[in-house]
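Engineer:
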Amino acid sequence: MQIIRLDISYDGTAYSGFQIQANARTIQGELERALAVIYRQKVRLVGAGRTDAGVHARGQVAHYNAPFNVPVERIPLALNALLPADIVVTGALPASPGFHARYSAKKKIYSYTLDRAPFPQVMRHRYSLHCPIPLDLEAMRAAAALLEGRHDFRAFQASGSAVRDTLRTLYRVELKELPAEELLIMIFEGSGFLYKMVRLLTGSLLRVGEGKIKPEELAAALTGCRPDAAGPTAPPQGLCLEQVIY
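In C-alpha coordinates, the structure reads:
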(Lines of atoms letter the chains of each structure in order from A; the text may use other names.)
(Lines give C-alpha, C1' and ligand atoms only; values in the text may rest on other atoms or scores of the structure.)
Protein backbone atom coordinates (compact mmCIF):
# COMPACT_ATOMS: atom_id res chain seq x y z
CA MET A 47 0.00 0.00 0.00
CA GLN A 48 1.17 3.51 -0.79
CA ILE A 49 1.51 5.94 2.13
CA ILE A 50 -0.03 9.33 1.38
CA ARG A 51 0.91 12.44 3.32
CA LEU A 52 -1.69 15.19 3.65
CA ASP A 53 -1.10 18.83 4.61
CA ILE A 54 -4.16 20.25 6.30
CA SER A 55 -5.41 23.55 7.67
CA TYR A 56 -8.55 24.02 9.72
CA ASP A 57 -10.59 26.28 11.94
CA GLY A 58 -11.10 24.16 15.05
CA THR A 59 -13.93 26.24 16.54
CA ALA A 60 -16.74 23.80 15.75
CA TYR A 61 -14.82 20.62 16.54
CA SER A 62 -14.03 18.53 19.62
CA GLY A 63 -10.39 18.36 18.61
CA PHE A 64 -8.49 16.49 15.91
CA GLN A 65 -8.68 12.94 17.24
CA ILE A 66 -11.75 10.90 16.42
CA GLN A 67 -14.21 10.45 19.31
CA ALA A 68 -17.52 8.68 19.70
CA ASN A 69 -20.53 10.99 19.43
CA ALA A 70 -18.40 14.07 18.72
CA ARG A 71 -17.52 16.03 15.61
CA THR A 72 -13.75 15.94 15.00
CA ILE A 73 -11.28 16.89 12.29
CA GLN A 74 -10.10 13.29 11.89
CA GLY A 75 -13.68 12.10 11.67
CA GLU A 76 -14.53 14.51 8.85
CA LEU A 77 -11.38 13.59 6.94
CA GLU A 78 -11.96 9.85 7.32
CA ARG A 79 -15.55 10.23 6.12
CA ALA A 80 -14.28 12.00 2.98
CA LEU A 81 -11.57 9.38 2.42
CA ALA A 82 -14.17 6.60 2.72
CA VAL A 83 -16.14 8.17 -0.14
CA ILE A 84 -13.06 8.36 -2.38
CA TYR A 85 -11.78 4.86 -1.63
CA ARG A 86 -15.19 3.25 -1.04
CA GLN A 87 -13.96 1.71 2.22
CA LYS A 88 -12.83 2.78 5.69
CA VAL A 89 -9.41 4.48 5.68
CA ARG A 90 -7.59 5.21 8.95
CA LEU A 91 -5.88 8.59 9.18
CA VAL A 92 -3.00 9.39 11.57
CA GLY A 93 -2.30 13.02 12.52
CA ALA A 94 0.98 14.59 13.60
CA GLY A 95 -0.66 16.54 16.42
CA ARG A 96 -3.81 15.83 18.41
CA THR A 97 -5.05 19.39 18.69
CA ASP A 98 -7.69 20.00 21.35
CA ALA A 99 -11.23 21.29 20.96
CA GLY A 100 -11.25 24.83 19.57
CA VAL A 101 -7.58 24.77 18.51
CA HIS A 102 -6.69 25.63 14.92
CA ALA A 103 -4.04 24.50 12.43
CA ARG A 104 -2.32 26.04 9.44
CA GLY A 105 0.18 23.22 9.07
CA GLN A 106 -1.24 19.95 10.38
CA VAL A 107 0.17 16.82 8.72
CA ALA A 108 -1.48 13.40 8.51
CA HIS A 109 -0.91 10.15 6.67
CA TYR A 110 -2.90 7.13 5.56
CA ASN A 111 -2.30 3.89 3.69
CA ALA A 112 -4.06 4.15 0.34
CA PRO A 113 -6.05 0.99 -0.49
CA PHE A 114 -5.38 1.66 -4.18
CA ASN A 115 -3.68 4.32 -6.23
CA VAL A 116 -5.43 7.60 -6.98
CA PRO A 117 -3.46 10.28 -8.87
CA VAL A 118 -1.95 12.20 -5.97
CA GLU A 119 -2.56 15.61 -7.54
CA ARG A 120 -6.30 14.88 -7.51
CA ILE A 121 -6.52 13.95 -3.84
CA PRO A 122 -6.72 17.52 -2.39
CA LEU A 123 -9.38 18.51 -4.92
CA ALA A 124 -11.43 15.38 -4.26
CA LEU A 125 -11.21 15.74 -0.48
CA ASN A 126 -11.96 19.47 -0.43
CA ALA A 127 -15.09 18.85 -2.51
CA LEU A 128 -16.33 16.56 0.27
CA LEU A 129 -15.07 18.41 3.35
CA PRO A 130 -16.78 21.29 5.19
CA ALA A 131 -15.41 24.74 4.43
CA ASP A 132 -13.51 24.99 7.72
CA ILE A 133 -11.21 22.07 6.83
CA VAL A 134 -8.92 22.37 3.79
CA VAL A 135 -6.39 19.87 2.46
CA THR A 136 -3.62 22.07 1.07
CA GLY A 137 -1.40 19.32 -0.32
CA ALA A 138 -0.92 15.58 -0.85
CA LEU A 139 2.31 13.72 -1.50
CA PRO A 140 3.39 10.08 -1.75
CA ALA A 141 5.48 9.46 1.38
CA SER A 142 8.53 7.26 1.70
CA PRO A 143 8.09 3.77 3.22
CA GLY A 144 8.03 3.96 7.00
CA PHE A 145 6.82 7.56 7.12
CA HIS A 146 4.62 8.26 10.13
CA ALA A 147 2.99 11.68 10.54
CA ARG A 148 3.44 11.64 14.30
CA TYR A 149 6.54 9.56 15.02
CA SER A 150 8.64 10.82 12.10
CA ALA A 151 8.22 14.46 13.17
CA LYS A 152 11.37 16.17 14.43
CA LYS A 153 9.86 19.49 15.50
CA LYS A 154 6.50 21.22 15.82
CA ILE A 155 5.79 24.93 15.82
CA TYR A 156 2.74 26.42 17.55
CA SER A 157 1.63 30.02 17.82
CA TYR A 158 -0.60 31.66 20.40
CA THR A 159 -2.18 34.99 19.42
CA LEU A 160 -3.13 37.75 21.85
CA ASP A 161 -5.40 40.57 20.71
CA ARG A 162 -3.99 43.69 22.36
CA ALA A 163 -6.64 46.11 21.10
CA PRO A 164 -8.51 48.11 23.77
CA PHE A 165 -11.78 46.44 22.78
CA PRO A 166 -12.37 42.90 21.47
CA GLN A 167 -12.14 42.71 17.69
CA VAL A 168 -15.15 40.90 16.24
CA MET A 169 -13.21 39.36 13.36
CA ARG A 170 -10.49 38.05 15.68
CA HIS A 171 -12.35 36.51 18.60
CA ARG A 172 -12.27 32.99 17.16
CA TYR A 173 -8.49 33.10 16.64
CA SER A 174 -7.08 35.05 19.57
CA LEU A 175 -7.36 35.79 23.26
CA HIS A 176 -8.32 39.38 24.01
CA CYS A 177 -5.70 40.72 26.42
CA PRO A 178 -5.73 44.55 26.59
CA ILE A 179 -4.07 44.84 30.03
CA PRO A 180 -0.48 46.14 30.35
CA LEU A 181 2.17 43.39 30.14
CA ASP A 182 5.83 43.49 31.10
CA LEU A 183 7.22 42.11 27.86
CA GLU A 184 10.81 42.32 29.07
CA ALA A 185 9.99 40.01 32.00
CA MET A 186 8.06 37.69 29.70
CA ARG A 187 11.03 37.43 27.33
CA ALA A 188 13.34 36.71 30.26
CA ALA A 189 11.02 33.90 31.37
CA ALA A 190 10.74 32.59 27.80
CA ALA A 191 14.53 32.32 27.57
CA LEU A 192 14.59 30.23 30.77
CA LEU A 193 12.07 27.81 29.27
CA GLU A 194 14.24 27.09 26.24
CA GLY A 195 16.34 23.93 26.25
CA ARG A 196 15.70 20.36 27.39
CA HIS A 197 13.66 20.18 30.60
CA ASP A 198 11.15 18.08 32.48
CA PHE A 199 7.86 19.81 31.65
CA ARG A 200 5.63 17.65 33.86
CA ALA A 201 4.36 20.78 35.65
CA PHE A 202 3.11 21.97 32.24
CA GLN A 203 1.10 18.83 31.45
CA ALA A 204 -2.63 18.91 32.12
CA SER A 205 -4.26 16.10 34.07
CA GLY A 206 -5.77 13.30 32.03
CA SER A 207 -2.60 12.33 30.18
CA ALA A 208 -0.98 8.91 30.52
CA VAL A 209 2.38 10.11 29.16
CA ARG A 210 5.20 9.24 31.56
CA ASP A 211 8.22 10.65 29.71
CA THR A 212 7.81 14.37 30.25
CA LEU A 213 11.24 15.45 29.00
CA ARG A 214 10.92 17.79 26.04
CA THR A 215 13.17 20.26 24.21
CA LEU A 216 12.00 23.80 23.49
CA TYR A 217 14.19 25.24 20.74
CA ARG A 218 12.48 28.62 20.63
CA VAL A 219 10.02 30.61 22.71
CA GLU A 220 9.57 33.96 20.99
CA LEU A 221 7.30 36.93 21.59
CA LYS A 222 6.53 38.74 18.35
CA GLU A 223 4.94 42.17 18.56
CA LEU A 224 2.81 43.50 15.70
CA PRO A 225 2.00 47.04 16.93
CA ALA A 226 0.17 48.17 13.79
CA GLU A 227 -2.23 45.23 14.14
CA GLU A 228 -2.33 45.40 17.95
CA LEU A 229 -1.27 41.76 18.23
CA LEU A 230 1.24 39.85 20.33
CA ILE A 231 2.11 36.40 19.02
CA MET A 232 3.94 33.80 21.08
CA ILE A 233 5.89 31.21 19.07
CA PHE A 234 6.74 27.82 20.57
CA GLU A 235 9.08 25.52 18.64
CA GLY A 236 9.86 22.18 20.24
CA SER A 237 10.66 18.52 19.79
CA GLY A 238 7.16 17.69 20.97
CA PHE A 239 4.55 18.92 23.40
CA LEU A 240 2.65 17.40 26.31
CA TYR A 241 -1.11 17.57 26.77
CA LYS A 242 -2.11 21.27 26.82
CA MET A 243 1.56 22.20 27.35
CA VAL A 244 1.56 25.23 25.05
CA ARG A 245 -1.59 26.63 26.65
CA LEU A 246 -0.11 26.14 30.12
CA LEU A 247 3.12 27.84 29.04
CA THR A 248 1.10 30.71 27.59
CA GLY A 249 -0.91 31.15 30.78
CA SER A 250 2.30 31.07 32.81
CA LEU A 251 4.02 33.69 30.67
CA LEU A 252 0.95 35.92 30.99
CA ARG A 253 1.22 35.68 34.77
CA VAL A 254 4.84 36.83 34.46
CA GLY A 255 3.72 39.70 32.23
CA GLU A 256 1.09 40.72 34.77
CA GLY A 257 3.69 40.74 37.55
CA LYS A 258 2.05 37.90 39.48
CA ILE A 259 5.18 35.71 39.38
CA LYS A 260 8.83 36.35 38.51
CA PRO A 261 10.69 34.68 35.65
CA GLU A 262 12.80 32.70 38.14
CA GLU A 263 9.66 31.35 39.80
CA LEU A 264 8.40 30.08 36.47
CA ALA A 265 11.77 28.42 35.81
CA ALA A 266 11.52 26.77 39.24
CA ALA A 267 8.45 24.88 38.01
CA LEU A 268 10.81 22.96 35.69
CA THR A 269 12.75 21.59 38.65
CA GLY A 270 9.66 20.65 40.66
CA CYS A 271 10.34 23.34 43.26
CA ARG A 272 7.39 25.53 42.25
CA PRO A 273 4.79 23.41 40.39
CA ASP A 274 2.21 26.00 41.49
CA ALA A 275 3.94 28.55 39.22
CA ALA A 276 2.72 26.71 36.11
CA GLY A 277 -0.49 27.80 34.44
CA PRO A 278 -3.32 28.64 34.28
CA THR A 279 -4.31 27.02 30.98
CA ALA A 280 -4.94 29.66 28.32
CA PRO A 281 -8.19 29.29 26.30
CA PRO A 282 -7.96 27.22 23.10
CA GLN A 283 -8.95 29.75 20.45
CA GLY A 284 -5.61 31.59 20.37
CA LEU A 285 -3.61 28.42 19.67
CA CYS A 286 -2.61 27.29 16.18
CA LEU A 287 -0.42 24.44 14.96
CA GLU A 288 1.71 26.29 12.41
CA GLN A 289 4.14 23.67 11.10
CA VAL A 290 5.40 20.13 11.53
CA ILE A 291 9.03 19.65 10.57
CA TYR A 292 10.43 16.31 9.36
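Final position of the sequence shown in this note's numbering is 292; the numbers increase by one with none missing.
We treat Cβ as the ideally placed atom computed from N, Cα and C, and that holds for glycine.
1) Can you tell which of E227, L91, S250, F199 has the C-alpha that lies nearest to the C-alpha of S237?
2) My guess is that I66 and G75 are in contact by the Cβ rule of under 8 angstroms, so how many angstroms apart are they, rounded?
3) Mind listing, in chain order, the continuous beta strand (DSSP E) runs of no fewer than 3 residues lying wholly within the region 186-220?
4) Is there contact between the region 119-139 and the region 190-198, where contact requires at least three CB pairs shorter than 8 angstroms?
5) From the DSSP output, in three-state form, read off G137 for me.
6) According to DSSP, simplified to helix, strand and coil, what is D132?
7) Span of the beta strand (DSSP E) holding R104?
8) Would you say L285 and Y158 are within 9 angstroms of each other, going by their C-beta atoms?
9) What does a CB cutoff of less than 6 angstroms around L52 pick up in its chain, not counting 5 residues either side in sequence?
10) Relative to the C-alpha of K153, which residue among R214, V118, N115, P278 is closest?
11) Do S55 and G105 come within 9 angstroms of each other at the CB atom, strictly closer than that value?
12) Quick check on L264: does DSSP put it in helix, strand or coil?
13) Give the straight-line distance between the Cα atoms of L251 and L128, rounded to the nearest whole angstrom.
14) So for R120, helix, strand or coil by DSSP?
15) May I ask you to report which of helix, strand or coil DSSP gives R148?
16) Could you tell me whether the Cβ atoms of L40 and Y156 are closer together than 9 angstroms?
17) So T59 is in the beta strand (DSSP E); what residue range does that whole segment cover?
18) Could you check which residue in V209, V101, K258, L268 has the C-alpha nearest to that of R245?
19) Which of helix, strand or coil does DSSP assign to R245?
20) For a test of the three-state rule: what should DSSP assign to Q87, helix, strand or coil?
21) Which residues in the same chain have their Cβ closer than 7 angstroms to the Cβ of G277, if we skip the five residues on either side of it in sequence?
22) Do Y173 and S207 count as a contact pair if the criterion is CB distance below 9 angstroms?
23) Given a cut-off of 9 angstroms on the beta-carbon distance, is the pair L224 and L181 in contact?
24) Given that a residue counts as buried once 16 or more other Cβ atoms are within 10 Å of its Cβ, and exposed if not, what is D161?
25) Nearest CA to the CA of P113: which residue from E119, G95, R96, V89?
Structural biologist: Walking through what the data contain:
1) As a working mapping, residue 237 is identified with position 191 in the sequence shown. The residue with the shortest Cα to Cα distance from S237 is F199.
2) For the purposes of this step, residue 66 is taken as residue 20 along the sequence shown, with counting starting at 1. For the purposes of this step, residue 75 is taken as residue 29 along the sequence shown, with counting starting at 1. I66 to G75, Cβ: 5 angstroms. Contact.
3) For the region 186-220, the full-length beta strand (DSSP E) segments reaching 3 residues or more read 195-198 along the chain.
4) Output reads no: the region 190-198 does not touch the region 119-139.
5) Numbered from its first residue, the sequence shown carries residue 137 at position 91. DSSP, reduced to helix, strand and coil, places G137 within a strand of the structure shown.
6) The residue given as residue 132 occupies position 86 in the sequence shown. If DSSP states are grouped into helix, strand and coil, D132 belongs with coil.
7) For the purposes of this step, residue 104 is identified with residue 58 of the sequence shown, where counting begins at 1. That run of the beta strand (DSSP E) goes 102-112.
8) As a working note, residue 285 is residue 239 in the sequence shown. As a working note, residue 158 is residue 112 in the sequence shown. Result yes, Cβ atoms of L285 and Y158 sit closer than 9 angstroms.
9) In the sequence shown, counting from the first residue as 1, residue 52 sits at position 6. So the list reads A108, V135, A138, once near-sequence residues are dropped.
10) Counting from one through the sequence shown, the residue named residue 153 turns up at place 107. Of the candidates R214, V118, N115, P278, the one whose C-alpha sits nearest the C-alpha of K153 is R214.
11) As a position in the sequence shown, residue 105 is number 59, starting the count at 1. As a position in the sequence shown, residue 55 is number 9, starting the count at 1. Closer than 9 angstroms, so yes.
12) By one-based count along the sequence shown, residue 264 stands at place 218. It is helical.
13) In the sequence shown, residue 251 corresponds to position 205, counting from 1. In the sequence shown, residue 128 corresponds to position 82, counting from 1. Approximately 40 angstroms, taken between the alpha carbons.
14) Residue mapping note: residue 120 aligns to position 74 of the sequence shown, counting from 1. Of the three classes helix, strand and coil, the one that applies to R120 here is helix, per DSSP.
15) Residue numbering aside, residue 148 sits at position 102 when the sequence shown is read from its first letter. In the three-state reduction of the DSSP assignment, R148 falls in the coil class, being assigned neither a helical nor a strand state.
16) The shown model of the chain, from 47 to 292, leaves out residue 40, and the question about it has no answer.
17) As a first step, residue 59 must be located in the sequence shown, where it is residue number 13. Segment: none, T59 is in no beta strand (DSSP E) and carries neither H nor E.
18) Against the sequence shown, residue 245 aligns to sequence position 199. Among V209, V101, K258, L268, the Cα nearest to that of R245 is on V101.
19) As a position in the sequence shown, residue 245 is number 199, starting the count at 1. Residue state, collapsed to three classes: helix.
20) Mapped onto the sequence shown, residue 87 falls at position 41. Three-state DSSP puts Q87 in coil, outside helix and strand.
21) Within the sequence shown, residue 277 is the residue found at index 231, counting from 1. Only L246, G249, S250 meet the Cβ criterion.
22) The sequence position of residue 207 within the sequence shown is 161, counting from 1. The sequence position of residue 173 within the sequence shown is 127, counting from 1. With respect to the 9 angstroms criterion, S207 and Y173 are not classified as neighbours on the basis of their beta carbons.
23) Start at 1 with the first residue of the sequence shown, and residue 224 comes out as number 178. Start at 1 with the first residue of the sequence shown, and residue 181 comes out as number 135. Not in contact: L224 and L181 (Cβ atoms no closer than 9 angstroms).
24) For this step, residue 161 is matched to residue 115 along the sequence shown. In this structure D161 is buried. Its beta-carbon is surrounded by 16 or more other beta-carbon atoms within 10 angstroms.
25) Taking the first residue of the sequence shown as position 1, residue 113 is located at position 67. When C-alpha distances from P113 are compared across E119, G95, R96, V89, the shortest belongs to V89.
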